[in-house]
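For what it's worth, this note's numbering labels the leading residue of the sequence shown as 19, then goes sequentially. By construction, the Cβ of each residue, glycine as well, lies at the ideal position given by its N, Cα and C atoms. Following: one structure in structure tokens, then a few remarks.
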Amino acid sequence: MIPGVSITEILTLTSILFFIGVYGFITRKNLVSILISVELILNSSVINFVVINKYLYPEMLQGMVYSIFIIAVAAAETALAVAIIINIYRRLSSVEVKETETMKY
């Protein structure tokens, strides 16, 4: 682990990052801001996996390998979401959530 930093401090920081992401996801009206909030949620969970794995099993790499898979899925999700947002912007000239309701029909 990091010398001088306890596991509770790291888990507190990642919990704060997670809830900042949840708050941003709930309150934002812009699709790009919502995407950034989702990425913040995923990154805080990855940090939790690595820290808990390093704390419980210092010699094993299972948490780190699982975190790499989460990062890969998050990168694919971001690429797909950005492509969708660009398509919405080209059609509607806006990336606001309320404007996307017009694509319903």
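From residue i to residue j, what distance separates their C-alpha atoms?
i, j, result
"residue 106", "residue 115", "10 Å"
"residue 96", "residue 57", "8 Å"
"residue 32", "residue 83", "19 Å"
"residue 22", "residue 59", "26 Å"
"residue 88", "residue 44", "22 Å"
"residue 91", "residue 27", "27 Å"
"residue 61", "residue 108", "29 Å"
Report the residue from the options whose alpha carbon sits nearest the alpha carbon of residue i.
i, options, result
"residue 54", "99, 119, 108, 109", "99"
"residue 85", "59, 63, 39, 21", "63"
"residue 118", "72, 25, 81, 48", "48"
My understanding is that residue i touches residue j, with C-beta atoms under 8 Å, so please give their C-beta distance in whole angstroms.
i, j, result
"residue 69", "residue 35", "Not really, about 12 Å apart at Cβ, beyond 8 Å."
"residue 52", "residue 46", "5 Å"
Go to residue i, then tell me how far its alpha helix (DSSP H) extends in each direction, as first and last residue.
i, result
"residue 78", "Per DSSP, residue 78 belongs to no alpha helix (DSSP H) and is neither H nor E."
"residue 114", "Unbroken run through residue 114: none, as it is neither H nor E."
"residue 39", "25-45"
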